[in-house]
Amino acid sequence: TGEDVGELHVHGSRAVLTAVMRALAGLGLRLAEPGEFTRRAFLNGKLDLLQAEAIADLAAAETEAQRRQALRQLDGELGGLYRGWRDRLTRSLAHLEAAIDFPDEDLPPEIEDRLLDETAALCAEIDRHLADGHRGERLRDGIMVAIVGPPNAGKSSLLITSPIAGTTRDIVEVAIDLAGYPVVLADTAGLRDSEDVIEQEGLRRALRRAEEAEIRLFVFDGRHPSEARGAAAWPGPDTLLVANKIDLVSPSCGLPSAAMPISALTGEGIDSLLSALGERVAQNYRLEAPLLTRARHRQALEEAATSLRRSVDARLPELRAEDLRLALRNLGRITGTVDVEDLLDVIFRDFCIGK
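With the sequence shown counted from 1, adding 42 to any position gets you my numbering.
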C-alpha cells in the first residue's frame, strides 16, 4: 500500500480472534473496507488504475484464461502501452505549443507536417487496438456460445428433457469452464414457423442471441439431414454443424460431411464436440496483444481517437492543440493519472474485503 504495516500472528481459535479484534477496536482501529488496501496502493502511486482493476479481475477469475489475462494487466502490459501513447502525445503537444507561443523562434519549418503525421499514426494505432471484437470484455464476462437449430433436435437434452417440440421458449444459460476459457452456453428456442405468440417471441430472442453469439452450435436431428440447411444463415468457421440422435441414424442417411455426429442420449461424440468447440474458442482468443477488458477503457479510447481525428482536420494550430489536450486527458483517465476521483468508488466497491 505504500504505508507502514503491522502484522499480528495469533492462534486461530474463534475466541482468540474475537478478543484480538475487540482489543484493536478499543484502540480506534476498524476493519478495512472492500478494496481499501488496493485503493491506498493506487493513491500512493504503487499501482495504476489498470493494475488495481486487474487485482479485482484476478480475485474473480474462474478460468485459466481469465487468470492469465488479469496477470498480464497486473504486470503493466496494458498500462505500458497507454503510457507510451501518452508520452508520444505529450511530446507532440509540447512541440505544437512551442510553435504557437514562439512564432518568431527558429523552429524547423517541417514541424507542422511531422506533428500531423504523428497524430494520424497514433490515431490509427488506437483504432487498431479498438478493433478487437470486444474479446477482452468477452473473456472477462464469458464467451457466448448459442445452441440453435430446429425444434426437437435435442438441443436442450443436457438441460431440459421433453419430447415435445417447442418446450424451450426462453433462453437458458449455463456457464462452464471449457479448456480453460469461460464459456456461457445459451440454449435457445427451436427455429420454426409458429402461430403461438409466446413461441414467436422465443424465436425472436433465439435469432437475436444467435447473432450476438461469438460461436454457434447448429444442432439438427441426424435422421433429417435436410434440416442442416438452416445453418446457412450463419456462414463461417464460428458456426459448428452438429448432427444429434446419431444412435437412431441409419448408415444410408447421408449426413453432411461437415456435421459432427453426436448422441445426447448415449453421450457418443460429446467429447469430440467439446474438443472442437474448445479449439474454436482457443483460436479466437489467443492472447497475443493486450486486450481491452472494460467498457470505460473503450469509451475513453474512442473519445481520444475522435479528438485526434479532429486535431488532424483542424486548420488552426490552437484548435489542434486543444484536441490533443482532450485526447491526452482521456488516455490519462484510463490509467488514473488525471480526473478519476469520481471513478474510484465505482471501481473499488466490487472488491473483496481485505484486497
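From the three backbone atoms N, C-alpha and C, an ideal C-beta is built for every residue, glycine too.
- Its chain contains ALA96, ASP99, LEU100 and ALA103 as the residues whose beta carbon lies nearer than 7 Å to that of ALA112, once the 5 sequence neighbours on both sides are disregarded; these appear in chain order.
- With distances taken between CA atoms, PRO224 lies nearest to ARG109 out of GLY87, MET302 and ARG109.
- Beyond the five residues adjoining it in sequence on each side, ILE189 comes within less than 7 Å, by CB distance, of LYS197, LEU227, ALA228, ASP229, THR230, LEU259 and VAL261 in the same chain, given in chain order.
- With fewer than 16 other beta carbons inside 10 angstroms of its own, ILE142 counts as exposed.
- At a cut-off of 4 residues, the continuous stretches assigned as alpha helix (DSSP H) that sit fully inside the segment 287 to 364 are 312 to 326 and 337 to 355.
- In the structure shown, the three-state DSSP call for LEU71 is coil.
- Scanning the segment 263 to 288 from its first residue to its last, the whole beta strand (DSSP E) runs of 3-plus residues come out as 281 to 286.
- Cβ neighbours of ASN86 within its own chain (closer than 6 Å, five residues either side excluded): GLY44.
- Beta-bridge analysis with DSSP links TYR223 to LEU220.
- Here ALA107 is near GLY222, since their CB atoms are less than 9 Å apart.
- Beta-bridge pairing by DSSP links ILE189 to ASP229 and LEU259.
- By the neighbour-count criterion, in which 16 or more other beta carbons inside 10 Å mark a residue as buried, VAL58 falls on the exposed side.
- In terms of Cα proximity to ASP289, the closest of ILE312, LEU172 and SER299 is ILE312.
- Taking a cut-off of 8 Å on C-beta distances, the segment 166 to 179 touches the segment 338 to 352, as three or more cross pairs fall below it.
- By DSSP's assignment, VAL214 forms a beta bridge with ASP229.
- Judged by DSSP in its simplified three-state form, ALA141 adopts helix.
- Leaving aside the five residues that flank SER314 on each side, the residues in its chain whose CB is nearer than 8 Å to its CB run, in chain order, MET302 and ILE304.
- For HIS176, the three-state secondary structure derived from DSSP is coil.
- With three or more CB-CB distances shorter than 8 Å, the segment 351 to 369 counts as touching the segment 157 to 168.
- For GLU78, the enclosing alpha helix (DSSP H) has its first and last residue at 78 to 85.
- Sixteen is the threshold: since fewer than 16 other Cβ atoms of the shown chains lie within 10 Å of the Cβ of GLU360, the residue is exposed.
- A direct Cα-to-Cα measurement between LEU116 and LEU91 gives close to 10 Å.
- Going by C-alpha positions, ALA270 is about 11 Å away from SER299.
- Pairing VAL47 with VAL62 gives a Cβ-Cβ distance that is not under 9 Å.
- Put simply, the backbone Cα of ASP169 is about 17 Å away from that of GLY374.
- The Cβ-Cβ distance between VAL323 and ILE257 falls below 9 Å.
- With respect to the C-alpha of ASP263, the residue from SER292, ARG328, LEU245 and ARG250 having the closest C-alpha is SER292.
- In chain order, ASN372 place their CB closer than 6 Å to the CB of GLU345, counting only its own chain and leaving out the 5 sequence neighbours on each side.
- Within the same chain, Cβ atoms closer than 7 Å to the Cβ of CYS295 are found at GLY264, ARG265 and PRO267, the five residues on either side in sequence being excluded.
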